[in-house]
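The letter at position 87 of the sequence shown is residue 87 when you use UniProt numbering, and the numbering goes up by one with no holes. Yeah, the Cβ is synthetic: ideal placement off N, Cα and C, and Gly gets one too.
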Amino acid sequence: MNKLLYTTPVSLEGFTVVQSVINESATSNLAMRVAGKRNMIQLGDILYLKSAKNYTIFKLKDGREIISSKTLRIFEEELLEISNFVRPHRSYIINLAFVDDLYFNCRGGEVLIHDQKILISRRKAADFRRNYRRYLRTTGQHVSSTIKLKTTIRVS
């Protein structure tokens, strides 16, 4: 997965500020220990990470699931510098590159990744939306048409 570093150099005239994005190698790997072995997982293969108490379940794009004995918080700290990974809920860290659909409502929202619905907590919704817009801008995608609001609200 690409690691995106944001830099804002000032032009020679001093009038305009240009934002550039530097991509790190797409072959970035994440090292983790599973069942006494050292496994390497490419960041581009990770759909999402799911918390299971003191374990973390990695869901990969080829359908495999890998369980690690580290908590989700440890992986959140390791993935903090990589802008593609965001924590929309206390139980998940998702890879923004695999977001299929996205809805926001008054209770937060939902993200759809490979037929898996992941909730966006109400308190993290604004930060998630900001990070997702930044990710879309850096990848050159159109921002306004990808973020939709639900028009119906369940009352009960």
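Report the option in the options whose CA atom is closest to the CA atom of residue i.
{"i": "R90", "options": "G140, F98, Y135, R123", "result": "R123"}
{"i": "L79", "options": "I41, K37, G140", "result": "I41"}
{"i": "T56", "options": "I82, G44, R73", "result": "R73"}
{"i": "D62", "options": "K53, K70, N54, D45", "result": "D45"}
{"i": "K53", "options": "E81, T71, I82", "result": "T71"}
{"i": "T139", "options": "C106, K37, S83, V111", "result": "S83"}
{"i": "R133", "options": "K37, R38, L96", "result": "L96"}
{"i": "R130", "options": "K37, R38, F85", "result": "F85"}
Note down, in chain order, each residue of its chain lying with its Cβ closer than 7 Å to the Cβ of residue i, except the 5 sequence neighbours on either side.
{"i": "S25", "result": "Summary for S25: the model assigns pLDDT 33, below 50, so the residue's position carries little reliability, and this model does not support an answer."}
Can residue i and residue j be called in contact, C-beta distance under 9 Å?
{"i": "I120", "j": "F104", "result": "yes"}
{"i": "I93", "j": "L136", "result": "no"}
{"i": "L47", "j": "Q141", "result": "no"}
Note down, in chain order, each residue of its chain lying with its Cβ closer than 6 Å to the Cβ of residue i, except the 5 sequence neighbours on either side.
{"i": "G109", "result": "Y103, I120, A125"}
{"i": "N29", "result": "M40, Q42"}
So, under 8 Å CB-CB, residue i and residue j are touching, yes? Tell me the CB distance rounded to an integer number of Å.
{"i": "residue 174", "j": "R87", "result": "What is shown of the chain runs 1 to 156, which leaves residue 174 out entirely."}
{"i": "F58", "j": "S68", "result": "7 Å"}
{"i": "D100", "j": "I113", "result": "6 Å"}
May I ask you to report which of helix, strand or coil DSSP gives residue i?
{"i": "T138", "result": "helix"}
{"i": "E110", "result": "strand"}
{"i": "D101", "result": "strand"}
{"i": "R87", "result": "strand"}
{"i": "I66", "result": "strand"}
Just checking residue i against the ligand HEM - is the residue's beta carbon closer than 8 Å to any of the ligand's heavy atoms?
{"i": "L80", "result": "In the structure on display, the ligand HEM does not appear, and there are no ligands present to speak of."}
Take residue i and list the residues in its own chain whose beta-carbon comes closer than 8 Å to its own, dropping the five residues that flank it on each side.
{"i": "L60", "result": "I41, D45, I46, L47, I66"}
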